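The next block holds one structure in the form of structure tokens; read it before the comments.
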Amino acid sequence: AQSVSQHNHHVILSEAASLELGCNYSYGGTVNLFWYVQYPGQHLQLLLKYFSGDPLVKGIKGFEAEFIKSKFSFNLRKPSVQWSDTAEYFCAVYDDKIIFGKGTRLHILP
Amino acid sequence: EAGVTQFPSHSVIEKGQTVTLRCDPISGHDNLYWYRRVMGKEIKFLLHFVKESKQDESGMPNNRFLAERTGGTYSTLKVQPAELEDSGVYFCASSLVWGNEQFFGPGTRLTVL
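Chains as they are written, first to last, in my numbering: chain A, 5 to 114; chain B, 32 to 144.
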């Protein structure tokens with residue numbers, strides 16, 4: 005069965021630090037990959053997605069992710085985080101339905 | 032444009048009772064999905080409607096769960112009778128195109144005592 009693994013369950017950073025959240029998936033076919041984010045008290049919303057083409061994907065709020073097929077990875081990055089990035093982040097793969105990772109809670113210290 | 036809405040936002044019931052959750056998708060979205068997140072676990076797929084038809088219900092935990100989408104608009108998810116392990120947050124999502132971005136509702140937090 006397809007699965008998504010997120011490396012960190014809880015990350016604490018100071019403002020302006022760089023961020024990388026790890027994500028690996030197990031799926032041998034063509035993949036559609038997503039990062040979703042849930043800010044406190046808000047809906048899950050799409051941060052960015054990869055369907056095909058350039059493996060470096062730009063998303064909202066300065067986030068980007070790189071699809072590395074050989075490593076089955078889709079890590080999320082942001083060069084300089086802000087306090088407002090405090091949220092829970094979910095990596096996901098689409099296989100007729102969305103398969104989510106367990107989520108990473110990111111806490112940014114002001 | 033209104034997003035996906037869910038009702039109620041919270042529900043607290045006792046074991047053995049019945050609860051019905053409602054989801055209103057974005058207008059015009061034929062695809063509607065239900066997901067559930069049990070505390071400490073990942074968000075898991077329950078089922079997928081295309082209009083009023085169940086496209087995939089492979090994630091439904093057992094026959095205590097019944098989802099409907101009469102008329103292809105809003106959907107309901109009924110749990111009868113509820114058990115303790117049914118506690119969690121139930122998310123609904125909708126999409127215009129199968130396989131494309133899904134828009135999520137705020138979720139219904141269900142607590143079974």
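We treat Cβ as the ideally placed atom computed from N, Cα and C, and that holds for glycine. Keep in mind that this is a model prediction, so the values were computed, not measured.
For residue 109(B), DSSP records a beta bridge to 51(B), 97(B). Per DSSP, the unbroken beta strand (DSSP E) holding residue 79(B) starts and ends at 74–81.
In terms of Cβ geometry, residue 134(B) and residue 57(B) form a close pair [threshold 8 Å].
Per DSSP, residue 115(B) is not a residue of any beta strand (DSSP E), being assigned neither H nor E.
Around residue 39(B), no beta-carbon contact reaches into chain A at under 7 Å, the shortest distance being about 16 Å. Taking C-beta separations shorter than 7 Å and ignoring five residues to either side along the sequence, the partners of residue 35(A) in its chain run 29, 97, following chain order. Counted as a single uninterrupted DSSP element, the beta strand (DSSP E) harbouring residue 139(B) occupies residues 139–143. Look at residue 75(A) here: in three-state DSSP terms it is helix. With the rule of 3 Cβ pairs closer than 8 Å, the segment 43–50 of chain B does not count as touching the segment 59–74 of chain B. Contact of residue 64(A) with chain B by beta-carbon distance below 8 Å is absent, the smallest such distance being about 12 Å.
A Cβ-Cβ separation of about 4 Å places residue 90(B) in contact with residue 76(B) under the 8 Å criterion. About 7 Å separates the Cβ atoms of residue 107(A) and residue 10(A), confirming a contact at the 8 Å cut-off. Its chain contains 52, 53, 54, 68, 69, 70, 71 as the residues whose beta carbon lies nearer than 8 Å to that of residue 61(A), once the 5 sequence neighbours on both sides are disregarded; these appear in chain order.
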